[in-house]
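Counted the way this note's numbering counts, the sequence shown spans residues 20 to 324. Just so you know, even glycine gets a beta-carbon here, dropped at the ideal spot from N, CA and C. Working notes, structure below.
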Amino acid sequence: MKEEFWTMEETFYRELLDNLYDGVYFVDLDRRISYWNKGAEKLTGYNREEVLGRLCWDDFLTHLDDRGEQLCDTACPLLDTLNDGKVRDINVYLHHKEGHRVPVLVRMAPIHDQKRKIIGAVEIFSDNSSRVASEMKIEELEKLALLDDLTQIGNRRFMEMSLRTKMDEMNRYRSQLGVFFVDIDNFKQLNDSYGHHLGDEVLRSVAKTLSAALRPLDILCRWGGEEFVVAVGNLDGDIMAVIAERFRSLVDNSSVATGETRIEFTVSIGATITLEDDTLDSAVKRADELMYRSKEKGRNRITVG
20 MKEEFWTMEE TFYRELLDNL YDGVYFVDLD RRISYWNKGA EKLTGYNREE VLGRLCWDDF
80 LTHLDDRGEQ LCDTACPLLD TLNDGKVRDI NVYLHHKEGH RVPVLVRMAP IHDQKRKIIG
140 AVEIFSDNSS RVASEMKIEE LEKLALLDDL TQIGNRRFME MSLRTKMDEM NRYRSQLGVF
200 FVDIDNFKQL NDSYGHHLGD EVLRSVAKTL SAALRPLDIL CRWGGEEFVV AVGNLDGDIM
260 AVIAERFRSL VDNSSVATGE TRIEFTVSIG ATITLEDDTL DSAVKRADEL MYRSKEKGRN
320 RITVG
């Protein structure tokens, strides 16, 4: 009778957890996943059959911090919670099954047995990307023919209009605007080797990863081909380097699948701050030239100027 009671209780709580929007999973002391709810499936793209019994650090979620540093191997906060029993919160970027990065707020807490001994931990993670606002923005851009159909971000016309407005605002208030020119490295070789379908997946993955790293008022567009332009307001040269490196490292740690193989890719970035006498063309051209310096230095690099 007692065993039946606990089975019913476990079933009740699992059904309760499955109806949460947040992702929830349990691990044992080895960080082996023993429970994975439907919220985790939606946020990561991985269904429970794919992850149950796997180690959470087994190269599929690969949490990154804001600097693009991997946490699973050397700085895992979940492992720290298993060791010291402390509850932790942290903002990370997890790796979605489709290849892009997803910003999430992660909360970790220990699980104790009846003698208060730590026997595992629970990790709860929630979407941190203002998805509803993004969907509304997409609908508005579609109406105005300012949306890139493939990547579902703004197109070049959208950026030209937005950047002119941003530059006028920056000049009026004497603040600085950063322009980032992002180009996917060796994109032609990717297309030639794996086909245009995979090339499209790479473009979508880069767009989603860059979008995940932006603040609500920042602007991103597909400038053309494998090129993207980002405009970020109110920053200086030091912060620009940090942001550019975040873009680079997040993409560098993303991938897309073709069959049983995961294809990795990188970007080269040029970043500049608009000057008082800059035009739209001169600012973007300077960022583009800085991007080519990154290419010349070996690709997968940033150049700020």
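With DSSP as the reference, please indicate the residues paired to residue i in a beta bridge.
i	result
Met127	Arg107, Glu142
Thr277	Thr280
Asp202	Glu246, Ser287
Cys240	Gly173, Val248
Arg51	Leu74
Ile137	His131
Pro122	Tyr112
Gly197	Val251, Ile292
Tyr44	Trp55, Glu142
Ile89	The amino acid occupying residue 89 in the given sequence is Gln; Ile does not appear at that position. According to DSSP, Gln89 bridges with Leu83.
Leu166	Gly173
Anyone know if the C-beta pair for residue i and residue j falls short of 7 Å?
i	j	result
Met310	Asp202	yes
Met178	Thr293	no
Ala302	Phe200	no
Lys116	Tyr65	yes
Val4	Ala260	Beyond the ends of the chain as shown, which are 20 and 324, falls residue 4; an answer cannot be given.
Val251	Gly173	no
Val123	Asn147	yes
Arg281	Ser274	yes
Arg175	Leu299	no
Gly58	Leu39	yes
Ala140	Val46	yes
Ala263	Ile321	yes
Asp77	Asn56	no
Thr81	His114	yes
Whose C-beta lies closer than 7 Å to the C-beta of residue i among residues of the same chain, with five residues either side of it excluded?
i	result
Leu269	Leu83, Gly87, Tyr112, Arg120, Thr228, Ala232
Arg318	Asp204, Thr285, Ser287
Met20	At Met20 the pLDDT is 30, less than 50, meaning the model places this residue with poor confidence and gives no usable figure here.
Glu60	Asn66, Arg67
Ser145	Asp41, Val123, Leu124
Leu62	Gly42, Val121, Val123, Phe144, Asp146
Residues in its own chain within less than 8 Å of residue i by CB, not counting five upstream and five downstream?
i	result
Glu23	In this predicted model, Glu23 has a pLDDT of only 38, less than 50, meaning its place in the structure is not dependable; the value taken from the coordinates is given anyway. Excluding positions up to five away in sequence, the list is empty.
Glu308	Gly289
Gly244	Phe206
Asn190	Glu295
Gln89	Thr81, His82, Leu83, Asn272
Arg234	Val251
Val151	Here the model assigns Val151 a pLDDT of 46, short of 50, so the residue's position is not dependable and the matter cannot be decided.
Keeping to the same chain, check which residues put their C-beta closer than 6 Å to that of residue i; ignore five residues upstream and five downstream.
i	result
Ser181	Ile238
Asp132	Ile138
Asn253	Ser194
Thr170	Leu222, Arg223, Ala226, Arg241
Arg107	Pro96, Thr100, Met127
Leu74	Arg50, Arg51
Ile143	Asp41, Val43, Arg126
Val249	Phe199, Leu239
Leu217	Thr277
Glu246	Asp202
Pro129	Thr100, Gly104, Ile137, Ala140
Counting pairs of Cβ atoms below 8 Å between the segment 204 to 217 and the segment 130 to 143, do you hit three or more?
-> For the pair of segments examined, the segment 204 to 217 was found not to touch the segment 130 to 143: the number of CB pairs separated by less than 8 Å stays below three.
Taking 8 Å as the threshold, find out whether the segment 310 to 322 comes into contact with the segment 285 to 300 through three or more Cβ pairs.
-> The segment 310 to 322 vs the segment 285 to 300: in contact.
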